Ligand code: SF4
């Protein structure tokens, strides 16, 4: 079994290209950094990769990566060690459903997922990432410590605690961790303020490696900016990653000068077109013939220069997120552009040779009527008839209310209602409608606004929690779906 795993992993490792070697064979403290999803997802997460780099660069810390791996007990990606051999197990939790994977990984490693069942000899289990930054409460029964916010400044403080408390009891280590801002230690310190980094330029701006197996077409991931100046009412970025901050253009340019021109770069940002030096950056990337891929950009930001760069980067598909077709509803959820502007930008892209457009919509938005849903069909029909030969891919996802947004107390629409709304959209002939899966969104909505009781139930059910029927048998899911409780407000000061 082990040799099979090694063979699998060596295929992935052989494709990784490191900017500089980081791996060291040992250290005083062994730190397992776990991304509780598949390799291709984890290796596409710039935050996870940045944390790996910072830990690897620390003296006396020995860090290894772990990913979800079907059919195998989790072993470290670097050298095939088991989770139990590490002093610290730190999970990077970005997506709600990954919480179930986190629990499974612990169980498969023989580590009880409920912290109350772990005796002193077990490693210290921590969780950080986007999910606890929105809502740490479901992690209270599971994690020994939870980190909320951006970790750059705190990582070295946490490592210092582990190094200085080496040999002491777990309780003593946790007491010391509780002194740090941004850190929650359930039962010891239940409320904190998120940490954030004031000056991004003090920290490395890229991932330490790239691989063709990432979700950005093999691009080296680079950060442009953090936070968002926009105020879409459904989105937690503005509240959880405030304020809007950006990398200096000079720093970005000098970094890119060092990277061979043939290496594609992935520009990561909540809204790339909001980067204050975006125009200068486009000029520079066009001049240097660099290929890029983007995390996302806004409809308003599409320009001839941007389209030229996308063409230079061999990008054939233009992805836009109108969210809804009704302009009034779009304005009410915080996106103010008109359908005419959307069509104008598609027309510009069409003139530049783009023949595929992907449009992201949501259904189940607060205040949405069936007529609003039908308007998605009309809008897509109009676009198809206006632009001959244009392939329109429509991706429709249920709206999931998120903590710390103005919609945090809204209800998640019932499954039959959502099915009905998707059916209305599927009526559009010749349009490929891809939905993320209503059941997944239903589970996401429950976990997103979960509390300790939810965390405890998931820990007991493990992978069984992926079944709505099983989860409903063990939990009163209505309180989470209706938004009547807001447990995150008890642990995070906004
Ligand atoms: S949806 Fe995009 S533009 Fe709107 S607040 Fe979130 S990150 Fe900003």
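In this note's numbering, the protein residues as written are 805 to 1298.
Beta carbons: idealized from backbone N, C-alpha and C, even for Gly.
Note that this is a predicted model, so its numbers are computed, not measured.
Spatially closest choice to residue i from the options, by CA coordinates
{"i": "residue 838", "options": "819, 873 and 816", "result": "873"}
{"i": "residue 827", "options": "1049, 856, 812 and 843", "result": "856"}
{"i": "residue 1147", "options": "1124, 1157 and 1137", "result": "1124"}
{"i": "residue 1293", "options": "1255, 1025 and 892", "result": "1255"}
{"i": "residue 1102", "options": "1088, 1117 and 1076", "result": "1076"}
{"i": "residue 1210", "options": "1169, 1128, 960 and 976", "result": "1169"}
{"i": "residue 854", "options": "1031, 1115, 922 and 1027", "result": "1027"}
{"i": "residue 887", "options": "901, 868, 903 and 898", "result": "868"}
{"i": "residue 899", "options": "1049, 1261, 1269 and 1248", "result": "1248"}
{"i": "residue 1053", "options": "1012, 1074, 1004 and 846", "result": "1004"}
{"i": "residue 820", "options": "1186, 830, 1219 and 847", "result": "847"}
{"i": "residue 1192", "options": "1165, 1036 and 1158", "result": "1158"}
{"i": "residue 1119", "options": "1098, 1179, 970 and 1006", "result": "1098"}
{"i": "residue 1107", "options": "1152, 1135 and 1080", "result": "1152"}
{"i": "residue 1264", "options": "806, 945 and 811", "result": "945"}
{"i": "residue 812", "options": "875, 830 and 832", "result": "875"}
{"i": "residue 1031", "options": "1001, 991 and 1013", "result": "1001"}
{"i": "residue 924", "options": "907, 954 and 976", "result": "976"}
{"i": "residue 1062", "options": "1079, 1094, 1074 and 1043", "result": "1094"}
{"i": "residue 1188", "options": "1162, 1177 and 991", "result": "1162"}
{"i": "residue 881", "options": "806, 901 and 1039", "result": "806"}
{"i": "residue 1296", "options": "1074, 1072, 1043 and 1231", "result": "1043"}
{"i": "residue 1036", "options": "1074, 1016 and 889", "result": "1074"}
{"i": "residue 1072", "options": "830, 845, 815 and 851", "result": "851"}
{"i": "residue 909", "options": "932, 870, 927 and 1142", "result": "870"}
{"i": "residue 1179", "options": "1231, 1218, 913 and 1194", "result": "1231"}
The ligand SF4 heavy atom lying under 7 Å from the CB of residue i
{"i": "residue 851", "result": "no"}
{"i": "residue 813", "result": "no"}
{"i": "residue 1035", "result": "yes"}
{"i": "residue 952", "result": "no"}
{"i": "residue 1042", "result": "yes"}
{"i": "residue 1075", "result": "yes"}
{"i": "residue 1030", "result": "no"}
{"i": "residue 1102", "result": "yes"}
{"i": "residue 1039", "result": "yes"}
Residue i and residue j closer than 8 Å at C-beta
{"i": "residue 1067", "j": "residue 1096", "result": "no"}
{"i": "residue 951", "j": "residue 978", "result": "no"}
{"i": "residue 1110", "j": "residue 1086", "result": "yes"}
{"i": "residue 947", "j": "residue 919", "result": "yes"}
{"i": "residue 1259", "j": "residue 936", "result": "no"}
{"i": "residue 776", "j": "residue 1250", "result": "Nothing about residue 776 can be reported from this structure: the residues present for the chain run from 805 to 1298 only."}
{"i": "residue 1138", "j": "residue 1034", "result": "yes"}
{"i": "residue 1008", "j": "residue 1024", "result": "no"}
{"i": "residue 1271", "j": "residue 1207", "result": "no"}
{"i": "residue 1212", "j": "residue 1290", "result": "yes"}
{"i": "residue 1197", "j": "residue 1155", "result": "no"}
{"i": "residue 879", "j": "residue 809", "result": "yes"}
{"i": "residue 1320", "j": "residue 858", "result": "Any property of residue 1320 remains undetermined from this structure, which presents the chain solely from 805 to 1298."}
{"i": "residue 1245", "j": "residue 904", "result": "no"}
{"i": "residue 1328", "j": "residue 1113", "result": "Because the chain in this structure spans residues 805 to 1298, residue 1328 falls outside the shown range and cannot be described."}
{"i": "residue 1171", "j": "residue 1136", "result": "yes"}
{"i": "residue 1299", "j": "residue 1216", "result": "Residue 1299 is absent from the structure shown; the chain starts at 805 and stops at 1298."}
{"i": "residue 1129", "j": "residue 1182", "result": "yes"}
{"i": "residue 911", "j": "residue 1266", "result": "yes"}
{"i": "residue 906", "j": "residue 940", "result": "no"}
{"i": "residue 1214", "j": "residue 1164", "result": "no"}
{"i": "residue 1222", "j": "residue 1242", "result": "yes"}
{"i": "residue 1050", "j": "residue 1016", "result": "no"}
(message) Whether or not the region 992–1007 and the region 840–847 are in contact is what I'm after, with contact meaning three or more pairs of Cβ atoms, one per stretch, closer than 8 Å; do they touch?
(response) no
(message) Within 8 Å, do at least three Cβ pairs link the region 863–873 to the region 1016–1033?
(response) no
(message) I'd like to know if the region 806–825 and the region 891–898 are in contact, where contact means that at least 3 CB-CB pairs between them fall below 8 Å.
(response) Taking a contact to require three or more Cβ pairs closer than 8 Å, the region 806–825 and the region 891–898 do not qualify as touching.
(request) Could you tell me whether the region 1197–1209 touches the region 1219–1229, where touching means 3 or more Cβ pairs closer than 8 Å? (result) yes
(message) I'd like to know if the region 1079–1094 and the region 1050–1060 are in contact, where contact means that at least 3 CB-CB pairs between them fall below 8 Å.
(response) yes
(message) Pairs of beta-carbons, one from the region 954–973 and one from the region 984–991, closer than 8 Å: are there three or more?
(response) With the cut-off at 8 Å, the region 954–973 and the region 984–991 touch.
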